[in-house]
Structures are given as structure tokens and as C-alpha cells.
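Trainee: Residue numbers (this note's numbering), protein chains in the order written: chain R, 30 to 229; chain E, 153 to 327.
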């Protein structure tokens, strides 16, 4: 069956099924859907723009070349995040990169863009002072996340930035549910301690 | 949104408050052209109609007997070509007449050149065949040489096809 012109309303499973039959638009839709979340996860893990580009590309190439082995009873997002996380962890193990500078978005080349991508405010009614405080807080949180252990980092990003439930994080990271809960709790404690230290 | 809110968290509110702050962090995007760079490295299956045809062919010629079929078809092609050549040479006058009637004489010089070359080639092959047939040692040597060339060619073809088929990217992260 030919896919519709607009694939934005289709489920991941439907798009994968179309991609398996050779429709290029379906492949591109999967890339468009997941390029930002995958890139953000990897970037928060490795904190290196060029490396992040390579790892994100490697993740997508692996996933799209192995669509035949994808089992539709599992969530596609869990699968792609698992591969992205593995790629980032492997890289960190190889390079032992822990903390790096925070310069806004990886593709930010000028100060304006860099500033613009550091933190997006949820509430547009906040005044200028609150906005500035929020930006500073966003920067501090990013720096704090970068200081966490890689395991804690992926847990906290998946839980609180990408908004995944504990069960799915456990599936993505191939960890027991209890371990995920412990990691997230410890990560929050560490984040709080880092932010307190930064404030002092 | 004050820093104090984050720092002085109560344990019970931890998850909710952390989510409130962390979910406001921006998502990052790859540089322009990322999609195309990915697509340039992605292997896509052939269109459905082509795979249907391949499936039908595979059904007709099971993989188990692929080499038998390939050898048989190759031998049949060579035999057909030899028979057609022999027929054309044997009935060259009739073929030439039919050709002239059909094309109004167009291409006759080329036809005659091709015919004379073919006759020359066939005559040479027949002459060499007679020569070889008279000499037993030469006959055995040519037979063995031909068999060796065929075996080497088949092995080479098999190796090439195996290399082509193993070009898929392996994935080491299951579900």
C-alpha cells in the first residue's frame, strides 16, 4: 500500500512498515521525527558538537539499515534511543570525556544563536529579570548535567528532558526498573548539590 | 523561577519539580543537511514490483539448484547461439534475400562482411578441431584446459556474488 502524502499523522509503526517496502519518504520522516531528541540526548552526553553529529548520524544509519530487525511490538523511540545511548556511552568509554564547556546549541556559531538556544522559557509572561534568571538557571542545569556520571546523565535526560516514564527508560538502558529509579534519585541529589555549590 | 526553588527541594516533590525545570531545557538540532547525509548512507530495499519479480524468479529457480540452473541456461545460450550461427551460415543466400526484401538493400555490405568473417571463423574452428581430433595428446590437453578455465570462472563468479550479498550493515543492539 502506498503511503499518504502527509506522514506526520502516521504512527512510528506504520512509517516503519512503509520504509520496509522501500519508500524513501518514510525513511526521511523517521529522521525528521527523531533527529532533535536523538541529537539532544547524544549532545548532553558527549558535549562535543562534531562528535555528536557523527554519533547521531551513525545512530540513524544503523537504525534505518536494520529496520528489518525492528519488532513492532516495541516502541520505535525506545529502540532508537537505546542505540543512541549505546553510541554515546561507547564514545565516552573510549575517550573518557566527562565535563566540557556549555556553549548553547551545538550548531550555534554566533553569540546571539548561542544565547537563544541556551534555555527556552516555558512562561512567556515572565518579566526580563525572571527571564535572565531562567537563562542563568538553564545554563547552570546544563553544566550540572554535564558533570554527572554518564549513566545518571542518560537517566535524567530521558526522564526529565525527554519525558519518558521509568519503565521505558529501563527498557532503553537495559537496566532493572529499581536501578533506574535509584539512578534518577541520585542524579537529582547530585544535581541539587552541584547547583548549591554553584550558587555559593 | 528562582534558583532557591531548585536548591531547596523537598524529597516528595523531587520528581515533579525536577521535571518542571529540566523539561524547559532546549532541544538541540543537528546542522543543515543532516537528513541528506543520513540518507546517503542508508540502504533501501528495492521497489515492491522488483522484489515481486525477484520472488517469482527465485520461486521458479530454487536457490538450492541455482548453480545447476545458471549452468544449464549458460549452456543453452551457447548452444542456441551456435545453432543460429550455423543456420545463418548454411542458409546465407535465403537470409540475404529476405534481408534485402525487408530493408531494400540497406546494410547489405555490412551483412556480407559479417558473413565472410563468420564463415572464416567457423572454417578455422573446424580446421583446428580436425587437427586436435587427430592428435590425442592435444585433444586431452585442450579438454583439461577448458575444464580448468570453467572451474576457475565458476569459483570467481561464486566469490564475487558472495561478496556482493554480504554488504548489509549489522546491528548489535537488539530490543
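Heads up, the beta-carbon is just placed ideally off N, CA and C, and yes, glycines get one too.
Going by DSSP in three states, residue 270 (chain E) sits in which element: helix, strand or coil?
Mentor: Note: residue 270 (chain E) maps to helix in three-state DSSP.
Trainee: Can the beta-carbon of residue 241 (chain E) be found closer than 8 Å to that of residue 265 (chain E)?
Mentor: In this structure, residue 265 (chain E) does not lie closer than 8 Å to residue 241 (chain E) by Cβ.
Trainee: Spatial neighbours of residue 197 (chain R) within its chain, please: C-beta separation below 6 Å, excluding the five flanking residues on both sides.
Mentor: So the list reads 107, once near-sequence residues are dropped.
Trainee: Of all the CB atoms in chain E, is at least one closer than 8 Å to the CB of residue 170 (chain R)?
Mentor: So, interface residue.
Trainee: Below 7 Å between beta carbons is the criterion; list the residues of the region 174-197 of chain E that meet it against any residue of chain R, in chain order.
Mentor: Of all residues in the region 174-197 of chain E, 174, 175, 176, 177, 178, 179, 180, 181, 182, 183, 186, 187, 189, 190, 191, 193, 194, 195, 196 and 197 have a Cβ within less than 7 Å of some Cβ in chain R.
Trainee: Specify the secondary structure class of residue 95 (chain E) as computed by DSSP and reduced to three states.
Mentor: Look at the range of chain E in this structure, 153 to 327, and you will see that residue 95 (chain E) is not part of it.
Trainee: Output, in chain order, the set of chain R residues within a Cβ distance shorter than 7 Å of residue 170 (chain E).
Mentor: Ordered by position in chain R, the residues that pass the 7 Å Cβ test against residue 170 (chain E) are 189 and 217.
Trainee: Determine, using beta-carbon pairs with one atom in the region 207-217 of chain R and one in the region 169-186 of chain R, whether at least three such pairs fall under 8 Å.
Mentor: Cβ pair count under 8 Å is three or more, so yes.
Trainee: Just curious, the alpha helix (DSSP H) that residue 195 (chain E) is in, first and last residue?
Mentor: Premise fails: residue 195 (chain E) is in no alpha helix (DSSP H) and is neither H nor E.
Trainee: Check each candidate in R:221, R:181, R:87 and R:59 and name the one with the smallest Cα separation from residue 211 (chain R).
Mentor: Answer by Cα proximity: R:181.
Trainee: Given this structure, state the Cα-to-Cα distance separating residue 155 (chain R) from residue 189 (chain R), to the nearest angstrom.
Mentor: Its pLDDT being 45, under 50, residue 155 (chain R) is placed unreliably in this model, and the coordinates cannot settle the point.
Trainee: Quick one: Cα of residue 101 (chain R) to Cα of residue 120 (chain R), how far?
Mentor: Their backbone Cα atoms lie some 28 Å apart in a straight line.
Trainee: Applying a beta-carbon distance threshold of less than 9 Å, which residues of chain E neighbour residue 86 (chain R)?
Mentor: The contacting residues are 182, 186, 189, 190 and 193.
Trainee: Can you round the beta-carbon distance between residue 85 (chain R) and residue 182 (chain E) to whole angstroms, since I take them to be within the 8 Å contact cut?
Mentor: Their Cβ separation, rounded to whole angstroms, is 6 Å, which keeps residue 85 (chain R) and residue 182 (chain E) in contact under 8 Å.
Trainee: Can you tell which of E:234, E:229 and E:267 has the C-alpha that lies nearest to the C-alpha of residue 247 (chain E)?
Mentor: For residue 247 (chain E), the nearest C-alpha among the options comes from E:267.
Trainee: Could you give the distance in angstroms between the alpha-carbon of residue 37 (chain R) and the alpha-carbon of residue 60 (chain R)?
Mentor: Those two C-alpha atoms are separated by around 12 Å.
Trainee: Kindly list the residues whose CB is nearer than 7 Å to the CB of residue 49 (chain R), restricted to its own chain and excluding five residues on each side of it in sequence; keep chain order.
Mentor: Excluding positions up to five away in sequence, the list reads 96 and 97.
Trainee: Please list, in chain order, the chain E residues whose beta carbon lies closer than 8 Å to that of residue 90 (chain R).
Mentor: Residues of chain E passing the Cβ test: 190, 193, 194 and 321.
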